[in-house]
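The structure appears right after this line, and notes come after that.
As structure tokens, then:
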């Protein structure tokens with residue numbers, strides 16, 4: 019693996035109690051081959067998803083509880099410690115995803131249990147301000163993610179409960195529904211990766227363990243399903259639940275994690291954006307709920323929730339992650355980000 023001038027910062031959210039160090043910042047030095055604790059935050063229960071601003075000065079975390087909250091933290095002295103700055107209700111239970119808009123002026127949160135997406139305005143200092151919008155999806159809805167289409171004002175929401183995708187335009191703190199699309203019944207669309215050069219969305223499905231590839235039109239008002247490909251070996255018959263998905267854009271590889279098979283599925287992205295299976299690799303742990311690529315795409319950090327570990331994989335020119343021998347022990351990691 020190559021390295022950069024300073025170590026990478028690895029941000030981890032866990033299923034933990036308020037008295038636990040439920041958010042942790044690690045320092046990853048790929049040259050020294052070390053992964054060490056740098057900072058922690060307590061006082062938040064089940065911070066199951068995190069997002070960090072472009073300057074690495076602010077961290078936002080959802081608290082995945084019945085009365086959901088979203089909390090902001092100031093990142094101090096080059097990630098040496100975290101200070102709680104502000105918090106707001108998400109107006110729903112079970113928030114599981116949070117992201118900022120492209121201008122970092124608004125915070126968008128998905129409430130899995132409530133079946134809603136909420137928008138909060140951000141103050142000049144990054145503190146979480148008032149609610150500006152809330153989208154409701156009805157009985158049986160379990161939205162799981164909201165993803166920005168780069169260089170546009172468009173967003174996609176996955177609804178795992180209703181097997182739907184929602185396409186929105188975002189303006190002045192409001193989500194305006196453009197269109198909704200039915201996915202394959204009982205597929206459970208969960209997370210999304212975007213390839214703007216191919217005008218493709220890649221959706222990892224929790225329940226059928228497949229990757230659905232959608233082409234979006236030039237005006238970004240319609241989606242067309244162009245491919246479905248399994249993330250599992252044909253002879254695997256045990257239960258499995260698709261989890262996370264990311265693209266190595268420089269190398270044109272796509273990765274998806276399997277909870278049950280406990281693996282990363284590796285796909286090569288063809289010239290038209292469709293996928294060809296390359297291989298599967300073990301996550302050296304159980305229940306890989308989340309993973310992240312290092313910015314140089316030469317490393318992968320995997321959060322194995324049930325085996326309580328963050329595992330570093332090294333990625334060669336062939337796109338295949340290999341176990342580095344480097345791990346960090348942490349209780350129930352469920353979100354990992356690398357900056």
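In the numbering used here, the protein residues as written are 19 to 357.
Glycine is no exception: its CB is placed at the ideal position from the N, C-alpha and C atoms.
Asked, Found
"Just confirm the distance between the C-beta atoms of residue 188 and residue 171, as a whole number of angstroms; I'd bet it's less than 8 Å.", "5 Å"
"Below 9 Å between beta carbons: does that hold for residue 129 and residue 111?", "yes"
"List the endpoints of the continuous beta strand (DSSP E) containing residue 147.", "146 to 154"
"Skipping 5 residues on each side, what residues in its chain have a beta carbon closer than 8 Å to that of residue 203?", "181"
"Considering only their Cβ atoms, is the gap separating residue 333 from residue 316 smaller than 9 Å?", "yes"
"Can you say whether residue 195 is buried or exposed, counting buried as having 16 or more other CB atoms within 10 angstroms of its CB?", "exposed"
"Give the list of continuous beta strand (DSSP E) stretches no shorter than 3 residues that lie fully inside the stretch 153 to 213.", "161 to 166, 172 to 177, 182 to 189, 192 to 200 and 207 to 213"
"Give me the DSSP bridge partner(s) of residue 308.", "321"
"Taking C-alpha atoms, which residue in 267, 149, 238 and 279 lies nearest to residue 288?", "267"
"Which residues does DSSP pair with residue 327 in a beta bridge?", "322 and 347"
"Is it buried or exposed, residue 54, if we count other Cβ atoms within 10 angstroms and call 16 or more buried?", "exposed"
"Tell me which residues share the same chain as residue 350 and place their Cβ nearer than 7 Å to its Cβ, disregarding the 5 neighbours each side in the sequence.", "32, 33, 34, 323 and 326"
"Just to check my reading of the structure: residue 227 and residue 250 have Cβ atoms closer than 8 Å, yes? What is that Cβ distance to the nearest angstrom?", "5 Å"
"Going by the DSSP bridge assignment, what does residue 267 pair with across the sheet?", "Paired residues: none, contrary to the question."
"Quick one, are the C-beta atoms of residue 257 and residue 306 less than 9 Å apart?", "no"
"Can you tell me whether residue 158 is buried or exposed? The criterion is at least 16 other CB atoms within 10 Å of its CB, across all chains shown.", "exposed"
"Determine contact between the stretch 44 to 63 and the stretch 295 to 306, defined as no fewer than three beta-carbon pairs at a distance below 8 Å.", "no"
"Which one of 121, 162 and 95 has the shortest CA to CA distance from residue 136?", "162"
"Apply the 10 Å Cβ neighbour rule to residue 169 and answer buried if 16 or more other Cβ atoms are within range, or exposed otherwise.", "exposed"
"Go ahead and pull the three-state DSSP assignment for residue 355.", "strand"
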